[in-house]
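Reviewing the structure listed below.
Number of protein chains: 2
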Amino acid sequence: MSIQYPNGKRYRSNSSPHSSKTSIAYGGRGMSFESDIDESNTFYLLKEQAVIHKKPTPIQIVNVDYPKRSAAVIKEAYFKQASTTDYNGVYKGHYIDFEAKETKNKTSFPLQNIHQHQVDHMRNVVKQNGICFLLIRFQDTKEVFLLDAAVLISFYDHQKERKSIKKADIMTYGHHVHTGYQPFIDYLRTVDELYIN
Amino acid sequence: MSIQYPNGKRYRSNSSPHSSKTSIAYGGRGMSFESDIDESNTFYLLKEQAVIHKKPTPIQIVNVDYPKRSAAVIKEAYFKQASTTDYNGVYKGHYIDFEAKETKNKTSFPLQNIHQHQVDHMRNVVKQNGICFLLIRFQDTKEVFLLDAAVLISFYDHQKERKSIKKADIMTYGHHVHTGYQPFIDYLRTVDELYIN
């Protein structure tokens, strides 16, 4: 979910402790896939069902100012590319690791949304028997699917043949994620069905 | 590990993809507990033994500049307090979660090094059957100990009686971590003995 900010626009972060550069304060539910997932994770945490957090955005800090009697101010820093997926945590003793992406595309998921380092990380997690997947939301229908990392990696490795995953394939090889009220995106129900129960 | 930077000093980050404000480029091994753990984690990753990363330092971004034809520059940002521990990942299917602290104190570990939100996070992880602990290094002897989260929480909850954990208690209730060449801090060997094998 790469959101481009217009030049000079003041950056606004949301109230989540794990807000990142993609967490704009939309002031409403259902606006950002990321904030919807954050809300679900908060629900899971409060209900003591799981401990899953979004990792902070990695920042390369170049210059910090230390004014007397006030907090350190970062005066120059740059966004760095993350070397892992965005979300991880623990659920019923299992390690959970996933990336979440939303697409405006109506018929397929472009693989350019996924970066090499994320796929490498997923391969490593799978080797350690972690539960690893991609959550995809189609913006037009608001449908959410869980695609197991092994399936994603297979499509990723065949990019020379096809640069996207057809929605039909996602519906076949992936799993529909229930979206409701609390939590908004109940992906752990799908995790239960697929990996745990 | 709160490192205070002198006013106006130029910030230097190390080459780790998960460097944070506490990762000063020391240019040598054994200088920073954090960089030693990062090095051990890189070793585990390359040997396909575990996937454990330090989380990026959470930053509150206030102002970003978008120069034409170059990368976005963060012009004003602040360090935020993390709401979790610093390290997590997966090892043999198990969720691993820990905090690492070094102390100059020779006879005890001051509990002021541990924050309420970290203890809260540890309680949550323990409830989800995650493997959760504190790594402590005594700076003078370079000894490293693993203290299970449940033990740490117990000491933390009795701070009114005692504001630190005696080294003797750490040696009794904690577990010595082997330090060697590769990896430098072999905490997963201790994890194996305690939680897995």
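Residue numbers (the working numbering), protein chains in the order written: chain E, 1 to 197; chain X, 198 to 394.
Beta carbons are placed, not taken as given, at the ideal position from N, Cα and C, and that holds for glycine.
Subject >> Nearest neighbour of Gln356 (chain X), chosen from X:Leu385, X:His312, X:Tyr370 and X:Val341 [CA to CA] >> reply: Cα-wise, what sits closest to Gln356 (chain X) is X:His312.
Subject >> Proximity below 8 Å, CB of Asp337 (chain X) to CB of Lys303 (chain X) >> reply: Cβ distance < 8 Å, so Asp337 (chain X) and Lys303 (chain X) count as in contact.
Original post:
Name the residues in the region 81-115 of chain E whose C-beta lies less than 9 Å from a C-beta of chain X; which are they?
Top reply: Under the 9 Å Cβ criterion, the region 81-115 of chain E contributes Gln81, Ala82, Ser83, Thr84, Asn88, Gly89, Val90, Tyr91, Lys92, Gly93, His94, Tyr95, Ile96 and Asp97.
**OP:** Would you please verify whether the beta carbon of Lys75 (chain E) is less than 8 Å from any beta carbon of chain X?
**Re:** For Lys75 (chain E), the answer is yes, since a Cβ of chain X falls inside 8 Å of its Cβ.
Original post:
From this set, E:Leu46, E:Lys75 and E:Asp157, which residue's C-alpha is nearest Gln118 (chain E)'s C-alpha?
Top reply: Selected option, being the one with the closest Cα: E:Asp157.
Original post:
Skipping 5 residues on each side, what residues in its chain have a beta carbon closer than 7 Å to that of Arg386 (chain X)?
Top reply: Sequence-distant Cβ neighbours of Arg386 (chain X) in its own chain, meaning closer than 7 Å and more than five residues away, are His375.
Original post:
Per the contact definition of three or more C-beta pairs closer than 8 Å, is the region 88-97 of chain E in contact with the region 40-53 of chain E?
Top reply: Yes, the region 40-53 of chain E is in contact with the region 88-97 of chain E.
**OP:** For His175 (chain E), collect the residues of the same chain with a Cβ closer than 7 Å to its Cβ; drop the 5 residues on either side in sequence, then sort them by chain order.
**Re:** Cβ neighbours of His175 (chain E) within its own chain (closer than 7 Å, five residues either side excluded): Phe145, Leu146, Thr190 and Leu194.
Subject >> Where Asp383 (chain X) falls, given that 16 or more other Cβ within 10 Å makes a residue buried >> reply: The residue in question, Asp383 (chain X), is buried, as its Cβ has 16 or more Cβ neighbours within 10 Å.
Subject >> Where the alpha helix (DSSP H) containing Ala347 (chain X) begins and where it ends >> reply: According to the DSSP assignment, Ala347 (chain X) belongs to the alpha helix (DSSP H) that extends over Ala346 to Asp354.
Original post:
Grouping DSSP H, G and I as helix and E and B as strand, with all else coil, what is Ala168 (chain E)?
Top reply: If DSSP states are grouped into helix, strand and coil, Ala168 (chain E) belongs with the helices.
Original post:
Where does Asn88 (chain E) sit, in a helix, a strand or coil, going by DSSP?
Top reply: Of the three classes helix, strand and coil, the one that applies to Asn88 (chain E) here is strand, per DSSP.
Original post:
Listed from N- to C-terminal order along the chain, which residues in the region 246-264 of chain X have their beta-carbon within a distance smaller than 9 Å of any beta-carbon of chain E?
Top reply: Listed by position along the chain: Gln246, Ala247, Val248, His250, Lys252, Pro253, Thr254, Pro255, Ile256, Gln257, Ile258, Val259, Asn260, Val261, Asp262, Tyr263 and Pro264.
Subject >> N- and C-terminal bounds of the alpha helix (DSSP H) containing Val191 (chain E) >> reply: It spans Tyr187 to Val191 - the alpha helix (DSSP H) in which Val191 (chain E) sits, taken as one unbroken run.
Original post:
What residue from E:Asn63, E:Arg69, E:Lys104 and E:Lys68 has the CA that sits closest to Phe33 (chain E)'s CA?
Top reply: The shortest C-alpha separation from Phe33 (chain E) is found at E:Lys104.
Original post:
Which value, in whole angstroms, describes the spacing of the CA atoms of Lys360 (chain X) and Asn310 (chain X)?
Top reply: Their Cα atoms are separated by approximately 10 Å.
Original post:
Three-state secondary structure (DSSP) at Tyr95 (chain E)?
Top reply: In the three-state DSSP reduction, Tyr95 (chain E) falls in the strand class (E or B).
Original post:
Using a Cβ-Cβ cut-off of 6 Å (strictly less than) and excluding sequence neighbours within five positions of Phe381 (chain X), which residues of its own chain qualify?
Top reply: For Phe381 (chain X), the CB contacts under 6 Å within the same chain, skipping 5 residues up- and downstream, are Asp233, Glu236 and Ser237 in chain order.
Subject >> Contact check, Ile74 (chain E) vs Tyr275 (chain X), beta carbons under 8 Å >> reply: For Ile74 (chain E) and Tyr275 (chain X), yes; Cβs fall inside 8 Å.
**OP:** Quick one: residues in its chain with C-beta nearer than 6 Å to the C-beta of Tyr173 (chain E), no 5 flanking neighbours on either side, listed in chain order?
**Re:** If we look at Tyr173 (chain E) and ignore the five residues flanking it on each side, its Cβ neighbours are Val151.
**OP:** Quick one: which unbroken alpha helix (DSSP H) runs of 4-plus residues sit fully inside the region 304-347 of chain X? Chain order, please.
**Re:** Counting only runs of 4 or more, we get 313-324.
**OP:** Return the chain-ordered list of same chain residues with a C-beta closer than 6 Å to the C-beta of Thr281 (chain X), the five sequence neighbours on each side being excluded.
**Re:** Taking Thr281 (chain X) as the centre and dropping the five residues before and after it, the same chain places the C-beta of His318 closer than 6 Å to its C-beta, in chain order.
**OP:** Whole angstroms is fine: what's the gap from Ile170 (chain E)'s alpha carbon to Glu102 (chain E)'s?
**Re:** Their Cα atoms are separated by approximately 13 Å.
Original post:
Within the present structure, is the beta-carbon of Pro110 (chain E) separated from the nearest heavy atom of the ligand GTP by less than 7 Å?
Top reply: No copy of the ligand GTP occurs in the structure displayed, which carries no ligand at all.
Subject >> Straight-line gap, Lys54 (chain E) to Tyr66 (chain E) (C-alpha atoms, nearest Å) >> reply: Taking the straight line from one Cα to the other gives about 29 Å.
Original post:
What is the rounded straight-line gap between the Cα of Asp97 (chain E) and the Cα of Ile61 (chain E)?
Top reply: Asp97 (chain E) and Ile61 (chain E): Cα-Cα distance of roughly 27 Å.
Subject >> Same chain only: Cβ atoms within 6 Å of Asp345 (chain X), ignoring 5 sequence neighbours per side >> reply: Exclusion of the five residues before and after Asp345 (chain X) leaves Phe330 as the residues of its chain whose Cβ lies within less than 6 Å of its Cβ.
**OP:** Give the interface partners of Gln139 (chain E) over in chain X, defined as CB-CB distance under 8 Å, in chain order.
**Re:** Against chain X, the beta carbon of Gln139 (chain E) has no neighbour under 8 Å; the closest one sits roughly 24 Å away.
**OP:** Please list, in chain order, all residues of the same chain as Ala82 (chain E) whose beta carbon is under 8 Å from its beta carbon, the five residues on each side excluded.
**Re:** The beta carbon of Ala82 (chain E) sits closer than 8 Å to those of Lys55, Thr57, Pro58, His117 and Gln118, all from its chain and outside the five residues before and after it, given in chain order.
Original post:
Roughly how far, in whole angstroms, is the beta-carbon of Ile333 (chain X) from the beta-carbon of Phe306 (chain X), given that I think they are within contact range, below 8 Å?
Top reply: Contact flag correct, Cβ pair sits at about 5 Å.
Original post:
Beta-carbon of Phe180 (chain X) versus every beta-carbon of chain E: anything under 8 Å?
Top reply: The structure shown does not extend to residue 180 (chain X), since chain X is modelled only from 198 through 394, so no value can be given for it.
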